[in-house]
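Single-structure report; data block below.
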Amino acid sequence: MSNNKPLKIARSFWFLGLFQVAHSIEETVSQLYLKFAPMSEAIHKIFPWFPIFEIGADLFASLNYVLIGLILGSVPAAEKGTKLGFTLMWVWGIVELLNGVFHIGTWIVTGSYFPGGITGPIFFVISLIFLLRLNAVCRKENLSKPSNWFTGLFWLGTTLSLAMFITTALLAGLTILTTGKFSENITLALWIATAVVSFLFIFVAGIQLAYRFNCTGKPIVLEPKFDKTGPTVGVIYIQGEGIPVDRYVPVAEAIQDASTDLQIWVGLPRFLGKSPIPRETGLAVNQALRAMKKAGMPKTANLFYIAHSVGGIAIQKYIKAYPERAKGLILTGSFLGKWNLSNLDNNGHTIICYPVPVLTIGGTLDGLARITRIAAAYWYQQENPSESSDPDNFPVVTIDQATHMQFASGPATSFVKAFDLTPQVDDDTIHKKVGELVYHFIRTKLPETPSEVHTEFLANKRKATKQTLEPIIKAFIDEGYNGFKPACYNRQDDNTRTDPCCTPFSPWIQDHANEIMAGSKDLPPGIDHFELNAIDSFHRSSSILPVHLPQIRNQCNGHEPCKLTITSVTQALYGILDALDTGLFPIAAFSLRTKLNSRQKFWKHAGVPHPDYNETDGPSRGAEINQHVYQWAIDNASESARLQFERLGVEMVMGEDFIPVIAAGPLWLYNYPKFVYLMEDKKAKNSLPKALQVRSTVLKTPINYWIKASAGFHYCQLLSPATVTEWIYVDSLRAKGSLSGNLFIYGPWGGLRNVLRFFLRFTFRQTRTTSLFLDRD
Numbered sequence: 072m073s074n075n076k077p078l079k080i081a082r083s084f085w086f087l088g089l090f091q092v093a094h095s096i097e098e099t100v101s102q103l104y105l106k107f108a109p110m111s112e113a114i115h116k117i118f119p120w121f122p123i124f125e126i127g128a129d130l131f132a133s134l135n136y137v138l139i140g141l142i143l144g145s146v147p148a149a150e151k152g153t154k155l156g157f158t159l160m161w162v163w164g165i166v167e168l169l170n171g172v173f174h175i176g177t178w179i180v181t182g183s184y185f186p187g188g189i190t191g192p193i194f195f196v197i198s199l200i201f202l203l204r205l206n207a208v209c210r211k212e213n214l215s216k217p218s219n220w221f222t223g224l225f226w227l228g229t230t231l232s233l234a235m236f237i238t239t240a241l242l243a244g245l246t247i248l249t250t251g252k253f254s255e256n257i258t259l260a261l262w263i264a265t266a267v268v269s270f271l272f273i274f275v276a277g278i279q280l281a282y283r284f285n286c287t288g289k290p291i292v293l294e295p296k297f298d299k300t301g302p303t304v305g306v307i308y309i310q311g312e313g314i315p316v317d318r319y320v321p322v323a324e325a326i327q328d329a330s331t332d333l334q335i336w337v338g339l340p341r342f343l344g345k346s347p348i349p350r351e352t353g354l355a356v357n358q359a360l361r362a363m364k365k366a367g368m369p370k371t372a373n374l375f376y377i378a379h380s381v382g383g384i385a386i387q388k389y390i391k392a393y394p395e396r397a398k399g400l401i402l403t404g405s406f407l408g409k410w411n412l413s414n415l416d417n418n419g420h421t422i423i424c425y426p427v428p429v430l431t432i433g434g435t436l437d438g439l440a441r442i443t444r445i446a447a448a449y450w451y452q453q454e455n456p457s458e459s460s461d462p463d464n465f466p467v468v469t470i471d472q473a474t475h476m477q478f479a480s481g482p483a484t485s486f487v488k489a490f491d492l493t494p495q496v497d498d499d500t501i502h503k504k505v506g507e508l509v510y511h512f513i514r515t516k517l518p519e520t521p522s523e524v525h526t527e528f529l530a531n532k533r534k535a536t537k538q539t540l541e542p543i544i545k546a547f548i549d550e551g552y553n554g555f556k557p558a559c560y561n562r563q564d565d566n567t568r569t570d571p572c573c574t575p576f577s578p579w580i581q582d583h584a585n586e587i588m589a590g591s592k593d594l595p596p597g598i599d600h601f602e603l604n605a606i607d608s609f610h611r612s613s614s615i616l617p618v619h620l621p622q623i624r625n626q627c628n629g630h631e632p633c634k635l636t637i638t639s640v641t642q643a644l645y646g647i648l649d650a651l652d653t654g655l656f657p658i659a660a661f662s663l664r665t666k667l668n669s670r671q672k673f674w675k676h677a678g679v680p681h682p683d684y685n686e687t688d689g690p691s692r693g694a695e696i697n698q699h700v701y702q703w704a705i706d707n708a709s710e711s712a713r714l715q716f717e718r719l720g721v722e723m724v725m726g727e728d729f730i731p732v733i734a735a736g737p738l739w740l741y742n743y744p745k746f747v748y749l750m751e752d753k754k755a756k757n758s759l760p761k762a763l764q765v766r767s768t769v770l771k772t773p774i775n776y777w778i779k780a781s782a783g784f785h786y787c788q789l790l791s792p793a794t795v796t797e798w799i800y801v802d803s804l805r806a807k808g809s810l811s812g813n814l815f816i817y818g819p820w821g822g823l824r825n826v827l828r829f830f831l832r833f834t835f836r837q838t839r840t841t842s843l844f845l846d847r848d
């Protein structure tokens, strides 16, 4: 795609060409050209048809000049971003990567220096980094991509199998030829490498054959219900983790029922172990298409994909690699991963790096793809999209009261049951709503000009979704959610407010926590009320050079109205597993680690002559602030969410502030807020929790503290408004309103038991041993 802006990747390509100059110099000086005769002779002994040839110094140098000229001569086309430019970058990048592989191989085989052996391995690293960056640019900008052959190396299929077969054959041949000629260690290493690659080849080939011959059962094909002359549409339905494909038939039929003017063919492929993983998605899709064509589906370009749960992760990666194979994608109980949404334009708007339209459907009672993550998707795709990302192509809608399993049918499978919430409406109602949404979305993406009925239907659903998600999004904005935009982390004390590409502060801390800590309404008699000009900034709490501390920048006399200009320092802490972006784990900050001025210091600057530290900062001020945010989140929640919480939710209660045994900064930093369930009966095994107790970890010092630089502070690890909102909407319901009663605990790991279960299942899925250890639902 040509544009007027030079591509930055072209600079890396230019550097690749310059490094070829250095490599050519080494090869020429070390007389690589003298090695061609013995190398070609050795190959000739194995393959008699291969010619023996020599190359002189002049010809070798000339060929290198030509090679360098061709690479550097490709830079202008690369800089313009033309299709030719991208093709040339891919070709030369792969050529230089193979060049590096050759020289690494000479070190292994000869055990000593071979001409070009110094820069060659470096060339391999540089070429690999260049190709990875080039691939990232292609995905980010949706520009020209590598050939299908190269892309096919990353997916199970013919290309990968052929490449592995060739690699196995070459390794085996090399091992046989070198046996007895080099040290035993080199021979052993080659035999091990051959065995490993051979095993992987057999494994890959076995999976391919399993899909080709339907070893897991034939795909389900649903023929059109209505004999119409309308457009033919093919729908490939990708199952969720561990959910049998036949559980999706009622949903697929609901889509057909809604599509009375379309000929909808539906194919449901069967993944091995009922686990849709990305590398096998192409095999499953081809399996379904073969069955659909065999059943009589005519050739059509109108192919859409629907995926549920983990299947959404698998299919969105596949379609991103092969966008020409899809008209659109529908995700149910799933969402576009942040890897498609993490880039911002110069105005701070989200660049949606996805090549086909996507409809995201979330359930307000989904316990696995939690509604808070769907709210984040809405913000990315509907409220903050860049000019190049059309929000009409990426609608996000919610279905009220829908659970995760209701995007399929039947009783919940064991993994879903462990985390899903209890249904409040029947499956048929949910399926009908899904069918209507999918039908209208498909209609707007077909080549025929869509009727206003379809676009208006989706527009109304998006408006209703905005009202549903508005309280959640507001809570995340008040947190200063780093998932929307990263924290600014400027070096100066006060973060800039003019950079649209980062989040400078937490509005909750700036506008509420400072006010509560200041206690201007509780001043002693005779002291005039003061106001605050509060400036909060996101900084890493552990940073030393420079260190960021809360300040009060002016003084009041206490006898007239006054405004204090003060600062605070905040860092939002997120669970480690949030990086996986699965929707299963909490996404809000489990702590707003905040450095506040002490109330004693506030009052001193407000004109109170001798504020008593025990009176001002002795009580649990962290708990007081947390109680305020808890009540704010309840008041901010939607009426339906609040009623659900009052009926089924477990309340939060604030315990006394926790002070580390040694009052020191490092101990405060890594003593996170304490989240503890208070059980109705501690002795009973299956006792339900009556509340979740939250204790703020604090570090506080009086204004006469012996270390002056640390005097007058009141550090707190505080609740975020988004955390409490996420608790109200999702995790408070797990004790009484879920299928299993499994509880989530907040903190860096989000509950170790759930983490271990998640990773064990992930490991079994990837090694294709699920059926040996997990359920057979």
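Residue numbers (our numbering): 72 to 848.
Cβ atoms here follow ideal geometry from the backbone N, Cα and C, with glycine treated the same way.
- Counting along the chain, no beta strand (DSSP E) covers SER183, and no H or E run does either.
- In this structure, THR371 places its C-beta atom within 7 Å of the C-beta atom of THR303.
- Pairing PHE512 with ALA558 gives a Cβ-Cβ distance that is not under 7 Å.
- LYS745 and GLN327 have their C-alpha atoms spaced approximately 51 Å apart.
- Put simply, of ILE348, ALA266, LEU169 and MET363 the residue whose alpha carbon is nearest the alpha carbon of LEU339 is MET363.
- In the structure shown, the three-state DSSP call for GLN622 is coil.
- Straight-line spacing of the CA atoms in LYS771 and VAL275 works out to 60 Å.
- For MET476, no alpha helix (DSSP H) encloses it, and the DSSP letter there is neither H nor E.
- Residue LEU663 holds the alpha-carbon nearest to the alpha-carbon of GLY693 among LEU719, LEU663, ALA708 and SER711.
- In this structure, the beta-carbon distance from LEU492 to LEU436 falls below 7 Å.
- Partner residues in the beta bridge of HIS785, as assigned by DSSP, are LEU667 and LYS771.
- Taking 7 Å as the cut-off, the Cβ atoms of VAL679 and ILE774 do not count as close.
- With respect to the 7 Å criterion, ALA132 and THR99 are classified as neighbours on the basis of their beta carbons.
- Take ALA264, set aside five residues on each side of it, and the residues of its chain with a beta-carbon closer than 7 Å to its own are LEU242, in chain order.
- The residue among ARG713, GLY783, ILE637 and PRO760 with its C-alpha nearest the C-alpha of ASP688 is GLY783.
- Looking at the DSSP output, ARG766 bridges to LYS745.
- Bounds of the beta strand (DSSP E) holding GLU602 are 601 to 609.
- Counting C-beta pairs with one atom in each stretch, the stretch 478 to 492 and the stretch 407 to 420 have fewer than three that are closer than 8 Å, which means they do not touch.
- The continuous stretches of alpha helix (DSSP H) do not include TRP336, which lies in the beta strand (DSSP E) extending over residues 334 to 339.
- In this structure, LYS666 sits near PRO621, with a CB-CB distance shorter than 7 Å.
- As the crow flies, the alpha-carbon of ALA712 is around 20 Å from that of GLU550.
- The beta carbons of ILE432 and SER460 sit about 19 Å from each other, so the pair does not count as a contact at 8 Å.
- The closest CA to that of THR239, considering only ASP593, LEU790, PHE661 and TRP262, is found on TRP262.
- For ASN414, the secondary structure class from DSSP, reduced to helix, strand or coil, is strand.
- Contact between the stretch 82 to 101 and the stretch 152 to 166 is present, with at least three C-beta pairs closer than 8 Å.
- Inclusion of ALA677 and PHE601 in the CB contact set at 7 Å is warranted, their separation being smaller than that value.
- With respect to the 7 Å criterion, GLN671 and PRO682 are classified as neighbours on the basis of their beta carbons.
- DSSP places THR371 in the coil class of the three-state scheme, outside both helix and strand.
- CA-to-CA, the gap between GLU686 and ASP593 works out to about 11 Å.
- As a beta-bridge residue in DSSP terms, LEU400 pairs with TYR376 and VAL429.
- The shortest C-alpha to C-alpha distance from GLY812 to any of VAL801, GLY818 and PRO819 is the one to VAL801.
- In the displayed model, CYS633 falls within a strand according to three-state DSSP.
- Spatial neighbours of VAL356 in its own chain (CB-CB distance under 6 Å, excluding positions within 5 residues in sequence) are listed in chain order as ILE307.
- The beta-carbon separation of PRO315 and LYS345, rounded to 6 Å, stays under the 8 Å limit for a contact.
- Taking a cut-off of 8 Å on C-beta distances, the stretch 757 to 765 touches the stretch 714 to 729, as three or more cross pairs fall below it.
- For ILE422, the three-state secondary structure derived from DSSP is strand.
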